[in-house]
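Reviewing the structure listed below.
In the working numbering, the protein residues as written are 359 to 553.
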């Protein structure tokens with residue numbers, strides 16, 4: 359195989375390793391969201407929620423309720439359960455506001471409040487599903503880092519063992535002599551300092 363072709367093949371293999379094999383959608387989303395500050399993510403979630411409410415109000419009977427889950431999921435994944443719960447309450451409130459603006463329901467109707475509560479529970483269920491996912495990804499990253507560190511230590515120990523086994527006795531004998539000399543010097547210094 360020519361040198362150029364080997365270089366191209368190795369670059370392609372590295373690119374595949376970096377992008378497709380070790381890069382998942384969840385880690386990509388996490389990397390993207392971690393680049394933004396907490397207030398920015400929340401404000402973007404609220405703006406997206408307002409845009410969805412506006413689209414919902416303009417389209418009328420077109421069901422966009424499922425799209426309210428997007429900002430709830432993003433904010434929950436980026437900032438945790440409690441901020442996601444606030445976003446779920448805000449989304450349920452936005453949907454209720456759209457229904458009030460379209461005169462589907464009224465303030466004095468108890469169904470309005472029951473609908474808000476039902477929507478909040480549905481959105482909160484999404485929050486309760488997404489929030490542990492964030493914790494699991496963080497835990498998985500910690501475990502992977504510990505495993506990589508342990509693998510590096512094992513690799514170094516295996517290389518040392520292979521070097522010792524491959525030694526014909528010359529290098530190992532010199533190393534043992536140097537260690538013994540160091541111990542003797544240490545003992546002599548201790549004996550000299552105590553006398």
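Heads up, the beta-carbon is just placed ideally off N, CA and C, and yes, glycines get one too.
Given a threshold of 16 other Cβ atoms within 10 Å of its Cβ, counted over all protein chains shown, does residue 429 qualify as buried or as exposed? As a first step, residue 429 must be located in the chain shown, where it is residue number 71. Buried, since its Cβ has 16 or more Cβ neighbours within 10 Å.
Give a yes or no on contact between the stretch 495–509 and the stretch 466–475, applying the rule of three or more CB pairs nearer than 8 Å. no
Quick check on the DSSP output: what are the complete beta strand (DSSP E) runs of length 3 or more inside the stretch 440–469, in order along the chain? none
Just to confirm, is the Cβ distance from residue 436 to residue 485 under 8 Å? Indexing the chain shown from 1 puts residue 436 at position 78. Indexing the chain shown from 1 puts residue 485 at position 127. No, they are not a contact pair.
For residue 403, which of helix, strand or coil comes out of DSSP? Counting from one through the chain shown, the residue named residue 403 turns up at place 45. Helix, per DSSP.
Contacting residues, own chain, Cβ-Cβ under 7 Å from residue 478 (five flanking each side not counted): Residue numbering aside, residue 478 sits at position 120 when the chain shown is read from its first letter. Hits under 7 Å: 446, 447 and 450.
Host alpha helix (DSSP H) of residue 433 (start-end): One-based indexing of the chain shown puts residue 433 at position 75. Where residue 433 is concerned, the enclosing alpha helix (DSSP H) stretches over 427–437.
Quick check on DSSP: helix, strand or coil for residue 551? What you label residue 551 is simply residue 193 of the chain shown in a count that begins at 1. Residue state, collapsed to three classes: helix.
Quick check: what's the CA-CA separation for residue 439 versus residue 524? Reading the chain shown from its first residue, position 81 is the one you call residue 439. Reading the chain shown from its first residue, position 166 is the one you call residue 524. If I take the Cα positions, the gap works out to 56 Å.
Using the Cβ count rule (16 or more neighbours within 10 Å means buried), how would you classify residue 433? Position 75 of the chain shown holds residue 433. Classification for residue 433: buried.
Tell me which same chain residues have a C-beta within less than 7 Å of the C-beta of residue 413, skipping the five on either side of it? Taking the first residue of the chain shown as 1, we reach residue 413 at position 55. Closer than 7 Å at the Cβ level, and outside the excluded window around residue 413, lie 422.
Buried versus exposed, by CB contacts within 10 Å (16 or more), residue 379: The residue you call residue 379 lines up with position 21 of the chain shown. Because the pLDDT of residue 379 is 43, which lies under 50, any placement of that residue in the model is unreliable, and the number read from its coordinates should be weighed accordingly. Residue 379 is exposed by the Cβ-count criterion.
Between residue 426 and residue 407, is the Cβ-Cβ spacing less than 8 Å? Locating residue 426 in the chain shown gives position 68, where the first residue counts as 1. Locating residue 407 in the chain shown gives position 49, where the first residue counts as 1. Yes. Within cutoff.
With burial defined as no fewer than 16 other Cβ atoms inside 10 Å of the residue's Cβ, what is the status of residue 452: buried or exposed? Within the chain shown, the letter at position 94 stands for residue 452. When all chains shown are included, residue 452 counts as buried.
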